[in-house]
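Chemist: Handing you this structure, nothing more for now.
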Amino acid sequence: MSEIPEDLRFAETHEWVRDDGDGKFTMGITDHAQSEMGEIVMIELPSVGDQFDSGDVVGTLEAVKTAADFYAPLGGKVTEVNESLEDSPEKINQDPYGEGWLVSFESDDGEAVSGLMSAAEYRQHAGD
Amino acid sequence: MEKKTSLYEKHVELGARMTPFAGFIMPVRYDTLISEHMAVRENVGMFDLSHMGEFRVKGPAATEFLDNVLTNDAEVDVGSAFYSTMCYPDGGIVDDLVVYRLDDTEYLIVVNASNIEKDWAWVSSHAKAFDVETTNESDSTTLVAVQGPNASQVVSQLTDVNLKELGFYHQRMAEVANKDALLARTGYTGEDGFEIYVSSDDGPALWDAVSEAGSSLDTGPIVPVGLGARDTLRLEMGYALYGNDIDHTTTPIEARLSWVVKLKTEKEFIGREVLARQKREKPGRYLVGLELQDKGIAREGVDLFEHDRKVGEVTSGTLGPAVGHCVCLGYVERGYHKIGRDLEVEIRGKRKNINRVKLPFYKDGTHL
């Protein structure tokens, strides 16, 4: 059974979102998703300033055997990316909700966060 | 509904992540792929390969029959093993396989799991013209592989056979863990190692005995290894995989397996005419080793370019855990296939440099 923090919201495509206040958000992939993928060995992150609509591909995670895109859970503009993952992508496996965060962004679509899944809903969705 | 091997319960007890593969439900990894891969490179790992198919060929014409149906020479010493392809008349590959010569008139051939039905139909129908009996023993055979530089430390605890006298690509009937077994010094990892074939009734006991014998090595315990690491281990060695790198549309000449096509003998075998002509005239493409120079992983299906010209396609690609970067096999047009040729791949719309290199990618393998 994977870890699913109660204070986050979740997308069907297995990203988590944290509301940092003032229209700012942080996202990553869930413990369930990293466990399914196996060891993540490379990552392609967006650039600061890139704009996304909800559902757009933001970047790509490469495991040994598979590659998987990750998607914008909300529309917004990238304010920061976790550059430490370039050298240490294993942080995504080790600490997916902490040091393995992927992207921070600002969104004026903040209301839409309530349309994402709660922890309980995500637990059911992930089948954990 | 997928078939289960005799070791299915062992995998579940070990907490393996199971996946459907070639009609079987098989372990893809138990712990992490990279840790399993490195255990085989540095110490020793154990694999359930019971999904592979085993056909016994027995009779006065066994050698003659195999010389007809296989591209490699079956006239080898009793107790030795060889790798071969089996081809259609047009030179396309039916399968690639390992052949054990058990006796003057008896062989065991081991085929890919995904090809068992097709191979059995091919082998058994062609056998009708020869004085041989063929038996499909795939469902009643369990195969446990023990692979890695310390493999002999594990297997020596389970048998009286002097392993120093069992050379690479040799085999013999033996008692292993008190079970009747075919003990072969073969494998698909580039490391020293053994493949142990027993009756499926004895499979779980053999698995437990290997695990127990490997639990107290000074170098650390043996680890179970899934199909994920099996694939990265073979790809670091540049070994072709049927279904990815070779199939009925490719020939052994194109796949650089000419060394298993016995054109130097007079023996007639299925596909000879086409393969001899292709070797003489040179094929239009070759299967080659490629290393990505930039960051990223080029995977199966990615196109290869020299400037704007498409010159080939990747057929297998992965991160090589022991080499530390992306390694690929792919077909490249003749003329563009030479070592040192700098090509490009396109990954998600971005061009990256990829170089044609000599195989194997991993050069420190311990196979004898």
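Chains as they are written, first to last, in this note's numbering: chain X, 3 to 130; chain L, -1 to 366. Glycine residues also receive a C-beta, built at the ideal position from the N, C-alpha and C atoms.
1) Compute the distance between the beta-carbons of SER122 (chain L) and SER198 (chain L), then report whether it is under 8 angstroms.
2) Could you work out which residues of chain L lie near GLY61 (chain X), taking near to mean beta carbons separated by less than 9 angstroms?
3) Can you round the beta-carbon distance between PHE303 (chain L) and VAL325 (chain L) to whole angstroms, since I take them to be within the 8 angstroms contact cut?
4) Taking DSSP as the reference, what is the three-state secondary structure of PRO358 (chain L)?
5) Is GLU252 (chain L) buried or exposed, if buried means 16 or more other CB atoms sit within 10 Å of its CB?
6) Is it right to say THR247 (chain L) is buried, meaning 16 or more other beta carbons lie within 10 angstroms of its own, or is it exposed?
7) For a contact defined as C-beta to C-beta under 8 angstroms, what are the partners of ALA69 (chain X) on chain L?
8) Let me see if you follow: with CB-CB separation under 8 angstroms, is VAL19 (chain X) close to chain L or not?
9) Please classify ASP206 (chain L) as buried or exposed, where buried requires at least 16 neighbouring CB atoms within 10 angstroms.
10) Go ahead and pull the three-state DSSP assignment for PRO202 (chain L).
11) Opposite GLU104 (chain L) in the DSSP bridges: which residues?
12) Nearest CA to the CA of GLU342 (chain L): which residue from L:LEU290, L:THR313, L:TYR186, L:ARG297?
13) Mind checking which residues open and close the beta strand (DSSP E) that includes TRP18 (chain X)?
14) Is it the case that the Cβ atoms of SER90 (chain X) and GLY77 (chain X) are separated by a distance below 8 angstroms?
15) Entirely within the segment 208 to 241 of chain L and at least 4 residues each: give me those alpha helix (DSSP H) ranges in chain order.
16) Please say whether ASP190 (chain L) and THR364 (chain L) have beta carbons closer to each other than 8 angstroms?
17) Could you give the C-beta distance for PRO25 (chain L) and ASP46 (chain L), rounded to a whole number, given that I count them as a contact under 8 angstroms?
18) Let me know the secondary structure DSSP gives GLU92 (chain X) once reduced to three states.
19) Output yes if chain L places a C-beta closer than 8 angstroms to the C-beta of VAL66 (chain X); else output no.
20) By Cβ distance below 8 angstroms, which residues in the same chain neighbour GLU14 (chain X) in space, the five residues on each side in sequence not counted?
21) Give me the residue from L:TYR105, L:ASP94, L:LEU100 with the minimum Cα distance to LYS116 (chain L).
22) I'd like to know whether the C-beta of THR133 (chain L) is nearer than 8 angstroms to at least one C-beta of chain X.
23) Looking only at C-alpha atoms, which of L:TYR334, L:ARG15, L:MET(-1) sits nearest to PRO222 (chain L)?
24) Would you give the residue range spanned by the alpha helix (DSSP H) that LYS26 (chain X) belongs to?
25) Could you tell me whether the Cβ of VAL115 (chain X) comes closer than 8 angstroms to any Cβ of chain L?
26) Verify the CB distance criterion: does ILE32 (chain L) have a CB-CB separation below 8 angstroms to chain X?
27) Would VAL105 (chain X) count as contacting chain L if we go by Cβ distances under 8 angstroms?
28) Is there contact between the segment 125 to 143 of chain L and the segment 159 to 167 of chain L, where contact requires at least three CB pairs shorter than 8 angstroms?
29) What ranges does the alpha helix (DSSP H) occupy inside the segment 134 to 191 of chain L, keeping only unbroken runs of at least 4 residues that lie completely in it?
30) In three-state terms, what does DSSP make of LYS277 (chain L)?
31) What are the boundary residues of the beta strand (DSSP E) that includes TRP286 (chain L)?
32) Would the segment 234 to 245 of chain L count as touching the segment 46 to 59 of chain L if we require 3 or more Cβ pairs under 8 angstroms?
33) Compute the minimum distance between the beta carbon of LEU181 (chain L) and the heavy atoms of the ligand NAD, and state whether it is under 7 angstroms.
34) For ALA37 (chain L), does the three-state DSSP call read helix, strand or coil?
35) From the DSSP output, read off the bridge partner residues of MET16 (chain L).
36) Quick one: what does DSSP say LYS265 (chain L) is sitting in, helix, strand or coil?
Modeler: In short:
1) Here residue 122 (chain L) is taken as the residue at index 124 of the second sequence, counted from 1. Here residue 198 (chain L) is taken as the residue at index 200 of the second sequence, counted from 1. Not a contact, by the Cβ cut-off of 8 angstroms.
2) Along the first sequence, one-based indexing puts residue 61 (chain X) at 59. Correct list: empty, because the minimum Cβ distance to chain L is about 10 angstroms.
3) As a working note, residue 303 (chain L) is residue 305 in the second sequence. As a working note, residue 325 (chain L) is residue 327 in the second sequence. 19 angstroms between Cβ atoms; not a contact.
4) Translated into positions along the second sequence, residue 358 (chain L) becomes position 360. DSSP places PRO358 (chain L) in the coil class of the three-state scheme, outside both helix and strand.
5) One-based indexing of the second sequence puts residue 252 (chain L) at position 254. Classification for GLU252 (chain L): buried.
6) Mapped onto the second sequence, residue 247 (chain L) falls at position 249. Within a 10 Å sphere around the beta-carbon of THR247 (chain L) sit fewer than 16 other beta-carbons, which makes this residue exposed.
7) Here residue 69 (chain X) refers to the residue found at position 67 of the first sequence. Residues of chain L with a Cβ closer than 8 angstroms to the Cβ of ALA69 (chain X) are, in chain order, ILE295, ARG297.
8) The residue labelled residue 19 (chain X) in the question sits at position 17 within the first sequence. With 8 angstroms as the cut-off, VAL19 (chain X) does not count as an interface residue toward chain L.
9) To locate residue 206 (chain L), count along the second sequence from 1; it is residue 208. Classification for ASP206 (chain L): exposed.
10) Here residue 202 (chain L) corresponds to residue number 204 of the second sequence, with the count starting at 1. In the three-state DSSP reduction, PRO202 (chain L) falls in the helix class (H, G or I).
11) Position 106 of the second sequence, counted from the first residue, corresponds to residue 104 (chain L). In DSSP, GLU104 (chain L) forms a bridge with L:LYS56, L:ASP101.
12) Position 344 of the second sequence, counting from 1, holds the residue named residue 342 (chain L). Looking at the Cα atoms, L:LEU290 is the closest of the given residues.
13) Here residue 18 (chain X) refers to the residue found at position 16 of the first sequence. For TRP18 (chain X), the enclosing beta strand (DSSP E) covers residues 17 to 23.
14) What you label residue 90 (chain X) is simply residue 88 of the first sequence in a count that begins at 1. What you label residue 77 (chain X) is simply residue 75 of the first sequence in a count that begins at 1. No, the pair does not count as a contact, with Cβ atoms beyond the cut-off.
15) List check, alpha helix (DSSP H) in window: 225 to 234.
16) Sequence index remark: in the second sequence, residue 364 (chain L) carries index 366 (1-based). Sequence index remark: in the second sequence, residue 190 (chain L) carries index 192 (1-based). One thing to note: THR364 (chain L) has its Cβ within 8 angstroms of the Cβ of ASP190 (chain L).
17) Locating residue 25 (chain L) in the second sequence gives position 27, where the first residue counts as 1. Locating residue 46 (chain L) in the second sequence gives position 48, where the first residue counts as 1. Confirmed, about 7 angstroms.
18) What you label residue 92 (chain X) is simply residue 90 of the first sequence in a count that begins at 1. It is coil, neither helix nor strand.
19) Residue numbering aside, residue 66 (chain X) sits at position 64 when the first sequence is read from its first letter. Closer than 8 angstroms to some Cβ of chain L, the Cβ of VAL66 (chain X) qualifies, so yes.
20) Residue numbering aside, residue 14 (chain X) sits at position 12 when the first sequence is read from its first letter. Annotation for GLU14 (chain X): MET119, HIS127 place their beta carbon closer than 8 angstroms to its own, counting only its chain and skipping 5 residues before and after.
21) Here residue 116 (chain L) corresponds to residue number 118 of the second sequence, with the count starting at 1. Shortest Cα-Cα distance from LYS116 (chain L) to any of L:TYR105, L:ASP94, L:LEU100 involves L:ASP94.
22) For the purposes of this step, residue 133 (chain L) is identified with residue 135 of the second sequence, where counting begins at 1. Not one chain X Cβ lies under 8 angstroms of THR133 (chain L).
23) Residue numbering aside, residue 222 (chain L) sits at position 224 when the second sequence is read from its first letter. Ranking L:TYR334, L:ARG15, L:MET(-1) by Cα distance to PRO222 (chain L) puts L:ARG15 first.
24) For this step, residue 26 (chain X) is matched to residue 24 along the first sequence. Per DSSP, LYS26 (chain X) is not a residue of any alpha helix (DSSP H); the beta strand (DSSP E) it occupies stretches across 26 to 31.
25) On the first sequence, position 113 is the one that residue 115 (chain X) refers to. Taking Cβ atoms only, chain L never reaches closer than 8 angstroms to VAL115 (chain X), which makes this a no.
26) The residue given as residue 32 (chain L) occupies position 34 in the second sequence. Yes, its Cβ sits closer than 8 angstroms to a Cβ of chain X.
27) Here residue 105 (chain X) corresponds to residue number 103 of the first sequence, with the count starting at 1. No, its Cβ sits nowhere closer than 8 angstroms to a Cβ of chain L.
28) Inter-segment contact for the segment 125 to 143 of chain L and the segment 159 to 167 of chain L is absent: fewer than three beta-carbon pairs are separated by less than 8 angstroms.
29) Counting only runs of 4 or more, we get 149 to 153.
30) Stepping through the second sequence from its first residue, residue 277 (chain L) is reached at position 279. Residue state, collapsed to three classes: helix.
31) For the purposes of this step, residue 286 (chain L) is taken as the residue at position 288 of the second sequence. Residue 286 (chain L) is actually Val in this sequence, not Trp. That run of the beta strand (DSSP E) goes 283 to 290.
32) Short answer: they don't touch.
33) Among the components modelled here there is no ligand, and therefore nothing to report on the ligand NAD.
34) Mapped onto the second sequence, residue 37 (chain L) falls at position 39. Here ALA37 (chain L) carries a helix assignment [DSSP, helix/strand/coil].
35) For this step, residue 16 (chain L) is matched to residue 18 along the second sequence. L:PRO25, per the DSSP bridge assignment.
36) Within the second sequence, residue 265 (chain L) is the residue found at index 267, counting from 1. DSSP places LYS265 (chain L) in coil when its eight states are reduced to three.
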